[in-house]
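Asks:
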Amino acid sequence: MAFQSPKFIVIRSDEKKEYLGFSHDNGKYDGYLEFSETEVTSPYAKFEVVEACGKDGMVHIRSCKSNKYLERTENSSITGGSAYWITATADKPVEDESKVSCTLFKLIPVDIVANKVRIMHVQSGCYLCLWRLATSRFMMASYKVFDGHARDIFTIIDWESLVMLPRYVAFKGDNGKYLSVFQFADRLFLKFGADDVSNPDVTMEIFVANDDGNVHIKHVSSGKFWTLDISDYLTVFSDDTSNNKDTSFRPFKVNSHSIALLNLGSNLFCRRSSVEDGFCANKEFTDSYARLQVVEPVTKREISIIKYDLDKSRVYDTEAILLVENSAINRDKNQSTTVDVMLDYKDVKSNIWNTNSPLKLETKATFDVNSFPIIGKDGKVELFDQEQLRNEFNETFITTFRKQVIHSVVVPPKTKVIVSLIATKGKCDVPFTFKQSDTLNNGNTFTTEMEGNIYTVSNYYNIEFKTREEPVNA
Numbered sequence: 001m002a003f004q005s006p007k008f009i010v011i012r013s014d015e016k017k018e019y020l021g022f023s024h025d026n027g028k029y030d031g032y033l034e035f036s037e038t039e040v041t042s043p044y045a046k047f048e049v050v051e052a053c054g055k056d057g058m059v060h061i062r063s064c065k066s067n068k069y070l071e072r073t074e075n076s077s078i079t080g081g082s083a084y085w086i087t088a089t090a091d092k093p094v095e096d097e098s099k100v101s102c103t104l105f106k107l108i109p110v111d112i113v114a115n116k117v118r119i120m121h122v123q124s125g126c127y128l129c130l131w132r133l134a135t136s137r138f139m140m141a142s143y144k145v146f147d148g149h150a151r152d153i154f155t156i157i158d159w160e161s162l163v164m165l166p167r168y169v170a171f172k173g174d175n176g177k178y179l180s181v182f183q184f185a186d187r188l189f190l191k192f193g194a195d196d197v198s199n200p201d202v203t204m205e206i207f208v209a210n211d212d213g214n215v216h217i218k219h220v221s222s223g224k225f226w227t228l229d230i231s232d233y234l235t236v237f238s239d240d241t242s243n244n245k246d247t248s249f250r251p252f253k254v255n256s257h258s259i260a261l262l263n264l265g266s267n268l269f270c271r272r273s274s275v276e277d278g279f280c281a282n283k284e285f286t287d288s289y290a291r292l293q294v295v296e297p298v299t300k301r302e303i304s305i306i307k308y309d310l311d312k313s314r315v316y317d318t319e320a321i322l323l324v325e326n327s328a329i330n331r332d333k334n335q336s337t338t339v340d341v342m343l344d345y346k347d348v349k350s351n352i353w354n355t356n357s358p359l360k361l362e363t364k365a366t367f368d369v370n371s372f373p374i375i376g377k378d379g380k381v382e383l384f385d386q387e388q389l390r391n392e393f394n395e396t397f398i399t400t401f402r403k404q405v406i407h408s409v410v411v412p413p414k415t416k417v418i419v420s421l422i423a424t425k426g427k428c429d430v431p432f433t434f435k436q437s438d439t440l441n442n443g444n445t446f447t448t449e450m451e452g453n454i455y456t457v458s459n460y461y462n463i464e465f466k467t468r469e470e471p472v473n474a
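Reading the sequence shown from the start, the letters are residues 1 to 474 in UniProt numbering.
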């Protein structure tokens, strides 16, 4: 039985407790898979599972960071003997199982409930396995038998289930109030009591822990971390988050702008209490009281320094398109004639700058660009110098230009010449980074370099004329 994989995944080694990425230091092992990522939300840890055509249960696996497909590569220099490794180095998927360059894999379930699998390289029949040396994190594919130490068993994590919270957030409860603090005895407790996101008491700072997306949350005004009280209520009390599960939370995505929080100390979900709107961890499942709308306490956002990694772009979904046809007729029985054939067509282009976060929050920022990638001649991705104003992330920008070209043709006697304008239409993905500067409600400004984003463009290229002739009856 094949494993029903999510479209986008993270692969974790249960032995190393780290996530699969690839070497990217431009050294001799560049592209070699290795368990080196310490954060589950690292863009280097994100892979796409692509179903093979007509190959039941077989898939291709593509790195979303490098846009390269996984393949099996021989290299004896690592071990000193013949060995095969898995590398993210293939430009295109290869489904021919007779070729050593075949990029087909099978995800074989080991524990469906825990999402544990073995991964087999189809062409060789070898299982992917963490290399046995303690100092190594590379992924080997040299053996057709199971590993005796279970280093060939991996946990699959659904990327879309992960929550990547902004550094600074405010949480809005189901009662329409923002989570803030109030003092009781000698402690600050959390309560859904603030009406305005501009209230400085509602701003929280997120700290990502080095495990499966868990976080610590600091109340900015007090400088204290959230922690679970013995009463099951959440307080703002702790200075130290080390070795304390009561200060650790796992966010779960509810929808594109809301989450639920599981406290790891109690293993219960946090929710608004009906008693004075306090915040407590006391439910085994989520309900409307546990739903938290994520709001960014940001008054101003600026986008700058967009950098495209053209070397890691990929072109796909290409097809030939007939843009327009026109014709010229020569009814003369004896002489040829030259005719200028006019062709009008629409040049349509769409592009979108998609950010890495699955959450789509309300804070928006527009940005202008003076150039952007397109698919150029012969399918090469290149920067196109053209101004495009007031773009927004995760919004498709479509431009349509009406163009006119003239093509001269020689029309033989008693002949109709049909001129076709043919183009290739394709899509292209290009990784990009950008700098985001945010001003908080308290006036503080911070700048973040945002990684793991994908720019996608669809455009016509390789435009050419084609002609054909038809006889004309007298």
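Ideal placement from N, C-alpha and C gives every residue a C-beta, glycine not left out.
1. Would you say serine 142 and tyrosine 84 are within 7 angstroms of each other, going by their C-beta atoms?
2. For my contact list, threonine 227 and aspartate 246 are in at a C-beta cut-off of 8 angstroms; report their separation, rounded to the angstrom.
3. Inspect the beta-carbon positions of tyrosine 316 and lysine 427 and report whether they are closer than 7 angstroms.
4. Can you find the residues in the same chain that come closer than 8 angstroms, C-beta to C-beta, to alanine 90, ignoring five residues on each side of it along the sequence?
5. Whether or not the region 326-334 and the region 434-448 are in contact is what I'm after, with contact meaning three or more pairs of Cβ atoms, one per stretch, closer than 8 angstroms; do they touch?
6. Would you say phenylalanine 249 and valine 220 are within 7 angstroms of each other, going by their C-beta atoms?
7. Where do the N-terminal and C-terminal ends of the beta strand (DSSP E) with valine 315 fall, by residue?
8. What are the start and end residues of the beta strand (DSSP E) that includes phenylalanine 105?
9. Return the bridge partner residues of asparagine 453 from the DSSP annotation.
10. Does the Cβ of lysine 28 have 16 or more other Cβ atoms within 10 Å, making it buried, or fewer, making it exposed?
11. Of all the options Thr73, Lys253, Gly223, Gln335, which has the alpha carbon lying nearest to the alpha carbon of threonine 415?
12. Quick check on the DSSP output: the beta strand (DSSP E) that includes tryptophan 353 runs from which residue to which?
13. Could you tell me the alpha carbon to alpha carbon distance between isoleucine 463 and lysine 65, rounded to whole angstroms?
14. Classify alanine 194 as helix, strand or coil using the three-state DSSP reduction.
15. By DSSP, does glutamate 392 sit in helix, in strand, or in coil?
16. Could you check the C-alpha separation between asparagine 394 and alanine 185 for me, to the nearest Å?
17. For aspartate 287, which of Glu469, Asn244, Val113, Leu268 has the nearest alpha-carbon?
18. Does the distance from the CB of leucine 343 to the CB of alanine 423 come in under 7 angstroms?
19. Over the uninterrupted beta strand (DSSP E) stretch that includes proline 6, give me the two end residues.
20. Does the Cβ of threonine 235 have 16 or more other Cβ atoms within 10 Å, making it buried, or fewer, making it exposed?
21. Go to tryptophan 131, then tell me how far its beta strand (DSSP E) extends in each direction, as first and last residue.
Replies: On the basis of the supplied data:
1. yes
2. 5 angstroms
3. yes
4. Lys68, Tyr69, Leu70, Glu71, Ser101, Thr103
5. no
6. no
7. 314-330
8. 105-111
9. Phe432
10. exposed
11. Gln335
12. 337-354
13. 31 angstroms
14. strand
15. strand
16. 47 angstroms
17. Leu268
18. no
19. From DSSP, proline 6 is part of no beta strand (DSSP E); its letter is neither H nor E.
20. buried
21. No beta strand (DSSP E) contains tryptophan 131, which DSSP labels as neither H nor E.
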